[in-house]
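S.K.: Just dropping this structure here.
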Amino acid sequence: MPSVLWLHGGACGGNTMSFLNADEPNVVDLVTSFGLELLWHPSLALESGTHARKLLRACASGETPVDVLVFEGSVIEGPEGTGRYDMFADRPMKDWVIDLAGTARTVVAVGDCACWGGIAATAPNPTSSTGLQFHKRERGGFLGAEFRSRGGLPVVNIPGCPAHPDWISQILVALATGRAADIDLDELQRPRTFFTSFTHTGCTRTEFFEYKQSTTTFGEGTRTGCLFYELGCRGPMTHSPCNRILWNGQSSKTRAGVPCIGCTEPEFPFFDLEPGTVFQTRKAVGVIPREIPEGTRHLTYLAQSAIAKIAAPDWSKKDTFVV
Ligand code: SF4
Ligand code: SF4
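Count the sequence shown with my numbering and you get residues 102 to 424, in order.
Here is the structure:
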C-alpha cells in the first residue's frame, strides 16, 4: 500500500482546499480504489501534538517508509538561514524537509510556492522563501539542482495557484500504481501530460483572438471577444490545461470572462512588471501588446495582426455569441 505524507510550509493551504475537490479520481477513490495510505496531513490527520511528532520522527528516520512526500507552500529559510519563521513539531520545517526528502521514494511539490517560491518568494521576500528545487525559474531552490529522491526522480512540480485538483490526484495515482517512470517531466520538472499545451488551447474565445477582436468587460459570456488585447490575458504564454481539464468539470477563468494570470509559470505573480499591469495588457507605443504568444516573432505577429483585423468578419465584432 503506497504511503503519502503531506506537509505544509509557507502558504495559504489553497492546494489542500483544491485537492479536496478532486473529481477524477476523488480523494476517497485514492484511498479505497488505489490503496493510498495517508500517513499524515495537516488538515486531515487525527494525530496531533506528541502523536504527530512521533509519527513524523518515524517517517524521517525511515522506520516508517514514505513512498510519496507531498509538500505544499514555500520552504522558509529566514531569519538568517535558521528557518525559525516556520517552526513545526519542535523544529524548523526546513529541517523536516531535508530529512523527509532524503527518505521519501518520490517528492512532489504542489502549488507555486512549493515549486518555485510563488508569491511568498516575491521581492522583497521577507521570510527568505524558496521552492523545493527551483527559485523562480532558476534551478536549485532549497534541495539543490542535483537532488534526486530515493526513487531516482527530481522533485515533481505541479504548479498553479492553486494547482487543479485532478492534476494532483492523477499524479498520485500514477505514483501509487508504480508508474513513476512514465511521468515525463519538462525542463521545469512539470509533468508534460498537463503542461505542454497552453491555457489558450481549448479556450472558447480563440476565434476572437485570431481576428484580434477584444472584449473590454470582465465576466461576459464565453464567446464575447478575447481577453488578451486589453485585459492582460496570459493564456498564449502560460503552460496549463485549464481549458482542456476544466475546473469543477465545467469552466475556466477565460470561460468565466476573467483573464488567465499565468499562475503555472515560475514568474507568477509577475510583480516585477510595471505596477498595475494585472488585468491590463502592457503595450508598446500605446497600442501593441508587449508580450506576444510564445514562439511568435514580433514582426510577423504584427503583420498578421494587421491583416487579421482588416479581415475580421462582422460576427466577430458583435456579441452574437453571448450565452
Ligand atoms: S481569452 Fe486568453 S486564452 Fe482565450 S483566446 Fe484570448 S488570449 Fe487565448
Ligand atoms: S487559467 Fe491561468 S491563472 Fe487560471 S488557473 Fe489556469 S493557468 Fe492559472
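Beta carbons are placed, not taken as given, at the ideal position from N, Cα and C, and that holds for glycine. Since this is a predicted model, take the numbers as computed values, not measurements.
Taking the alpha carbon of GLY163 as the reference point, which residue from ASP200, GLU368 and GLU308 has its own alpha carbon closest?
M.R.: The residue with the shortest Cα to Cα distance from GLY163 is ASP200.
S.K.: Would you identify the three-state DSSP class for ARG356, choosing helix, strand or coil?
M.R.: In the structure shown, ARG356 sits in a helix (DSSP, three-state: H, G or I).
S.K.: Skipping 5 residues on each side, what residues in its chain have a beta carbon closer than 8 angstroms to that of ALA413?
M.R.: TYR312, LYS313 and GLN314
S.K.: Tell me which same chain residues have a C-beta within less than 6 angstroms of the C-beta of PHE422, skipping the five on either side of it?
M.R.: Residue placement at PHE422 cannot be trusted, given a pLDDT of 44 that sits under 50; the coordinates are not used to answer.
S.K.: As an exercise, report each continuous beta strand (DSSP E) stretch of at least 3 residues that is fully enclosed by the region 116–145, in chain order.
M.R.: The region 116–145 contains these whole beta strand (DSSP E) runs: 138–141.
S.K.: Looking at the secondary structure, which residues open and close the beta strand (DSSP E) in which SER417 lies?
M.R.: Counting along the chain, SER417 falls outside any beta strand (DSSP E), though it belongs to the alpha helix (DSSP H) covering 415–418.
S.K.: Please say whether ASP287 and PHE299 have beta carbons closer to each other than 9 angstroms?
M.R.: no
S.K.: Under 9 angstroms between the Cβ atoms of GLY336 and LEU328?
M.R.: yes
S.K.: Between SER229 and GLY179, which are expected to be in contact by the criterion C-beta below 8 angstroms, what is the C-beta distance as a whole number of angstroms?
M.R.: 4 angstroms
S.K.: Can you tell me the Cβ-Cβ gap for ARG356 and GLY326, rounded? I've got them flagged as a contact below 8 angstroms.
M.R.: ARG356 to GLY326, Cβ: 13 angstroms. No contact.
S.K.: Looking only at C-alpha atoms, which of ILE389, ASP415 and CYS334 sits nearest to ALA404?
M.R.: For the residues ILE389, ASP415 and CYS334, the minimum Cα distance to ALA404 belongs to ILE389.
S.K.: Taking the beta strand (DSSP E) that LEU106 falls in, what are its first and last residues?
M.R.: 104–109
S.K.: Quick check on DSSP: helix, strand or coil for ALA112?
M.R.: coil
S.K.: Looking at the strands, I want to know which residues DSSP matches up with THR207.
M.R.: VAL169
S.K.: Cβ of LEU347 within 8 angstroms of any heavy atom in ligand 1?
M.R.: No, since every heavy atom of ligand 1 falls outside the 8 angstroms radius drawn around the Cβ of LEU347.
S.K.: Just list the residues that DSSP pairs PRO292 with in beta bridges.
M.R.: PRO292 is bridged to LEU286.
S.K.: From what residue to what residue does the alpha helix (DSSP H) around ILE259 run?
M.R.: Note, ILE259: premise wrong, no alpha helix (DSSP H); beta strand (DSSP E) at 257–259.
S.K.: If you draw a straight line from the C-alpha of LEU139 to the C-alpha of GLU181, how long is it?
M.R.: 34 angstroms
S.K.: Report whether the distance from the Cβ of THR300 to the nearest heavy atom of ligand 1 is below 8 angstroms.
M.R.: Correct: THR300 has its Cβ closer than 8 angstroms to ligand 1.
S.K.: Which same chain residues, not among the five before or five after THR223, have their C-beta less than 7 angstroms away from its C-beta?
M.R.: PRO370 and PHE372
S.K.: Compute every distance between the C-beta of THR355 and the non-hydrogen atoms of ligand 1, then say whether any falls below 8 angstroms.
M.R.: yes
S.K.: Around the C-beta of TRP141, are 16 or more other C-beta atoms found within 10 angstroms, so that it is buried, or is it exposed?
M.R.: buried
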